[in-house]
Amino acid sequence: MENLEALIGYGWYILTGAWATVQLTVFSCIVALVVAMIAGIVLTSNSHLVRLVARFYVEFFRGTSVFVQLFAAYFVLPLVGIALSPIQAGVLALGLNGGAYGAEVVRAAINAVGRDQREATIALNLTRWQALWWVILPQAVVLMLPSFGNLAIEIMKGTAVASLITVSELTFQAETVRSQTGDTAIPFLLIMVTYLAMASLMMAFVRWLEKLFGRGITSKST
Amino acid sequence: MGLHVAPNTAEQSPIIEFRNVEKSFGPIKVLDQLCFSVKPGEHLALIGPSGSGKTTILRMLMTLESVTAGDVIVNGVSLNHEYKSGKELPASEAHLRKMRSDFGMVFQHFNLFPHKTAIQNVTLAPVLTGLLSKAEAKERGLKLLKKVGLADKAGEYPSRLSGGQKQRVAIARALALQPKILLLDEITSALDPELVEEVLNVITDLRNETDMTMLLVTHEMGFAKDFADRVLFFERGKIVEEGPPGEIFQAPHHERTKSFLRKVIAAGHRV
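Residue numbers (the numbering used here), protein chains in the order written: chain X, 1 to 222; chain R, 1001 to 1271.
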């Protein structure tokens, strides 16, 4: 009973952090998606030089810790005149980190679309960009979506690190409650359930997207 | 089979010329000093054992393969090279796109776009290449699907079509760009035997009703005989024998042609 009262007492306070988590997740996913698409497409380019640039980005952000990237965005960028709010720094670090992993997903999915499809676009006299936009990417997206779903959840879970730069997101709020009340179980149980609910919603959204983009590709043959 | 009238091509210059064309994949020579020409409106059947280079010829014409040596001339213009300030340069993408506009190709495995419906498969290229407006492309697409007997399947995705229906959509798609030259690469090889006829009937109608130049690679010897004005028999990247179908199929001169046709007949194919 005491636990229930405690839950009601500071539960709402913790859940106010959910809004920051949602903001961080949504904006980081948007940044990651855009960057992953651009870098992933560039990784399939014929030009060695542009491939090299994209490869450097991917390896740099995959090969360094997201903690370090977050701290760099928040504490180092101001030294060169770019001052970001905690949320902006979180979005930048999480987005670029997720984008590096996503770029590999995009590259692999584009390469997985059959050679027969590329040859058909040549036979129909489409330009490379027309072929990519109208034929290759719509099929590659279906292949990307399951991995993108995983990546989006990873980004959502990764938003917890933004608490280290004072973003008042779920983990930050739970930690505040814990330090002020000494109650550990309820705050962390509450944020676990909240993360799980968010992840479930995201997976449902990805499954809907898979259905939407998979028309004709994933339907059964007669 | 309808009445075949060989086009009056005596005075016409070739629409396609292969001039000493060589093609190698690593150490394997697929085409060897190949020379032949095709006249406008001619219907050519390319036959021969697997690996003799027949498909490579069609793929070269569609610019899916480049030549290792020699040149392919289409309408008097080199397919593989272009000339700027008197210098011979490898063909640019713009040159290749210009040259491709004369061709349509139907593939062995259809190569339809699975995320597009039948009508979208047919209308995509004419709209994107600027040949037709969306409305015009749809009107022409529906006509073409009707012509190949698939008017009622316009809204279906390829995964809902049989192999024969897919191939007929692929033929309609190739025709949507109004090619002067149609390349048909083993278009019935991937089909169940009972679906072959529906595809061949479409090609027969096209042959008899249009003045398109058509190059057919096939293992259907009976169809090649009915379809072609001229038959080329290939082996190891060279033409072993060529002539009118009556001569090639009924009275071949070369021993290799005879043995190939004997094996084909033994395998149960009609000649």
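The C-beta atom is built at its ideal place from N, Cα and C for all residues, glycine as well.
* Kindly indicate which three-state DSSP category R/ARG1207 falls into: helix, strand or coil? => Along the second sequence, read from residue 1 onward, the residue named residue 1207 of chain R stands at position 207. Helix at R/ARG1207.
* What three-state label does DSSP hand R/GLY1246 in the structure shown? -> As a first step, residue 1246 of chain R is located in the second sequence; it is residue number 246 there, counting from the start. Taken through DSSP and simplified to helix, strand or coil, R/GLY1246 comes out as helix.
* Asked: Leaving out the 5 sequence neighbours to the left and right, which residues in its chain are closer than 7 Å to R/LEU1175 when beta-carbon positions are compared?
  -> For this step, residue 1175 of chain R is matched to residue 175 along the second sequence. The beta carbon of R/LEU1175 sits closer than 7 Å to the beta carbons of GLY1104, LEU1144 from its chain, once the five residues preceding and following it are set aside; these are given in chain order.
* Cutoff 9 Å: R/TYR1083 Cβ touching any chain X Cβ -> Stepping through the second sequence from its first residue, residue 1083 of chain R is reached at position 83. For R/TYR1083, no Cβ of chain X is located within less than 9 Å of the residue's own Cβ.
* How would you write the range of the beta strand (DSSP E) that R/PHE1113 sits in, first residue to last? -> As a first step, residue 1113 of chain R is located in the second sequence; it is residue number 113 there, counting from the start. First-last for R/PHE1113: undefined, no H or E at that position.
* Asked: Hey, does R/PRO1090 have any beta-carbon neighbour from chain X nearer than 9 Å?
  -> Here residue 1090 of chain R corresponds to residue number 90 of the second sequence, with the count starting at 1. At a cut-off of 9 Å between C-beta atoms, R/PRO1090 does not count as an interface residue with respect to chain X.
* Beta-carbon spacing of R/PHE1107, R/ALA1045 below 9 Å -> Counting from 1 along the second sequence, the entry for residue 1107 of chain R is found at position 107. Counting from 1 along the second sequence, the entry for residue 1045 of chain R is found at position 45. No. Outside cutoff.
* **Own chain residues within Cβ distance below 6 Å of R/GLY1002, not counting five before or after** => Here residue 1002 of chain R corresponds to residue number 2 of the second sequence, with the count starting at 1. Its pLDDT being 37, under 50, R/GLY1002 is placed unreliably in this model, and the coordinates cannot settle the point.
* What does X/ALA120 touch in chain R if you count any residue whose Cβ is under 8 Å from its own? -> Locating residue 120 of chain X in the first sequence gives position 120, counting from the first residue. For the C-beta of X/ALA120, the chain R residues within less than 8 Å are, from N- to C-terminus, PHE1107, ASN1111, LEU1112, PHE1113.
* **Closer than 7 Å at the beta carbon, the chain X residues around R/THR1063** => In the second sequence, the residue the question calls residue 1063 of chain R occupies position 63. What R/THR1063 touches in chain X: ILE122.
* Cβ shell of R/ASP1192 (< 7 Å), same chain only, five flanking positions each side left out -> For this step, residue 1192 of chain R is matched to residue 192 along the second sequence. Hits under 7 Å: GLY1163.
* With a cut-off of 9 Å, does the C-beta of X/PHE148 fall near any C-beta of chain R? -> Numbered from 1 along the first sequence, position 148 holds the residue referred to as residue 148 of chain X. So, not an interface residue.
* Chain-order list of residues whose beta-carbon lies under 6 Å from that of R/LEU1184 (same chain, five-residue window excluded) -> Within the second sequence, numbered from 1, the residue matching residue 1184 of chain R stands at position 184. Counting only Cβ-Cβ distances below 6 Å, and skipping sequence neighbours, we find VAL1106, LEU1216.
* To do: Indicate the three-state DSSP secondary structure (helix, strand or coil) for R/ASP1071 in the structure shown.
  => By 1-based counting over the second sequence, the position of residue 1071 of chain R is 71. It is a strand residue.
* Asked: Between R/SER1133 and R/PRO1126, what straight-line distance do the alpha-carbon atoms span, to the nearest angstrom?
  -> Position 133 of the second sequence, counting from 1, holds the residue named residue 1133 of chain R. Position 126 of the second sequence, counting from 1, holds the residue named residue 1126 of chain R. Whole-angstrom Cα-Cα distance: 8 Å.
* Asked: Using the rule of at least 16 other Cβ atoms within 10 Å of the residue's Cβ for burial, across every protein chain shown, is R/THR1056 buried or exposed?
  -> Residue mapping note: residue 1056 of chain R aligns to position 56 of the second sequence, counting from 1. With at least 16 other beta carbons inside 10 angstroms of its own, R/THR1056 counts as buried.
* Nearest to X/ILE14 by alpha carbon, out of X/GLU175, X/HIS48, X/ALA123? -> Start at 1 with the first residue of the first sequence, and residue 14 of chain X comes out as number 14. Cα-wise, what sits closest to X/ILE14 is X/GLU175.
* Asked: Which of the three DSSP states, helix, strand or coil, is assigned to R/GLY1002?
  -> Counting from 1 along the second sequence, the entry for residue 1002 of chain R is found at position 2. With a pLDDT of only 37 at R/GLY1002, under the threshold of 50, the placement of this residue in the model should not be trusted; the figure read from the coordinates follows. In the structure shown, R/GLY1002 sits in coil (DSSP, three-state: anything other than H, G, I, E or B).
* Name the one or two DSSP bridge partners that R/ILE1047 has. => Along the second sequence, one-based indexing puts residue 1047 of chain R at 47. DSSP lists R/PHE1233 as the beta-bridge partner residues of R/ILE1047.
* **Bounding residues of the alpha helix (DSSP H) (the contiguous stretch that carries X/PHE205)** => What you label residue 205 of chain X is simply residue 205 of the first sequence in a count that begins at 1. Per DSSP, X/PHE205 belongs to the alpha helix (DSSP H) from 185–213.
* To do: Starting from the Cα of X/VAL206, find the closest Cα among X/LEU7, X/THR184, X/PRO78, X/CYS29 and give me that residue.
  => The residue given as residue 206 of chain X occupies position 206 in the first sequence. That would be X/CYS29, whose Cα lies nearest to the Cα of X/VAL206.
* Ends of the alpha helix (DSSP H) at X/SER147? -> For the purposes of this step, residue 147 of chain X is taken as residue 147 along the first sequence, with counting starting at 1. DSSP places X/SER147 in the uninterrupted alpha helix (DSSP H) bounded by 137–158.
* Give the secondary structure of R/LEU1261 by DSSP, where H, G and I count as helix, E and B as strand, and everything else as coil. => Here residue 1261 of chain R is taken as the residue at index 261 of the second sequence, counted from 1. Reduced to three states, the DSSP call for R/LEU1261 is helix.
* To do: With 9 Å as the threshold, decide whether the Cβ of X/PHE213 is near any Cβ in chain R.
  => Position 213 of the first sequence holds residue 213 of chain X. In terms of beta-carbon proximity, X/PHE213 lines the interface with chain R, with at least one pair separated by less than 9 Å.
* To do: Can you pull the chain R residues whose beta carbon is under 9 Å from the beta carbon of X/GLN139, in chain order?
  => Start at 1 with the first residue of the first sequence, and residue 139 of chain X comes out as number 139. Going along chain R in sequence order, the residues near X/GLN139 (Cβ under 9 Å) are PHE1113, PRO1114, HIS1115.
* Any 3 or more C-beta pairs closer than 8 Å across the stretch 88–108 of chain X and the stretch 179–187 of chain X -> A contact between stretches requires three or more CB pairs, one per stretch, nearer than 8 Å, and the stretch 88–108 of chain X fails this requirement with the stretch 179–187 of chain X.
* To do: Could you tell me whether any non-hydrogen atom of the ligand NAP is closer than 8 Å to the CB of R/GLU1022?
  => Judged by which ligands are present, the structure shown has none, so any question about the ligand NAP falls away.
* **Burial state of X/THR159 (16 or more Cβ within 10 Å)** => For the purposes of this step, residue 159 of chain X is identified with residue 159 of the first sequence, where counting begins at 1. Using a 10 angstroms sphere on the CB of X/THR159, the tally of other CB atoms reaches 16 or more, which defines it as buried.
* To do: With DSSP collapsed to three states, give me the class of X/THR222.
  => Taking the first residue of the first sequence as position 1, residue 222 of chain X is located at position 222. With a pLDDT of 35 at X/THR222, under the threshold of 50, the modelled position of this residue cannot be trusted; read the value that follows with caution. DSSP, read as helix, strand or coil, puts X/THR222 in coil.
* Which listed residue (X/GLN23, X/ALA197, X/ILE8) has its alpha carbon closest to that of X/PRO86 -> Locating residue 86 of chain X in the first sequence gives position 86, where the first residue counts as 1. Nearest neighbour of X/PRO86 by Cα position, chosen from X/GLN23, X/ALA197, X/ILE8, turns out to be X/GLN23.
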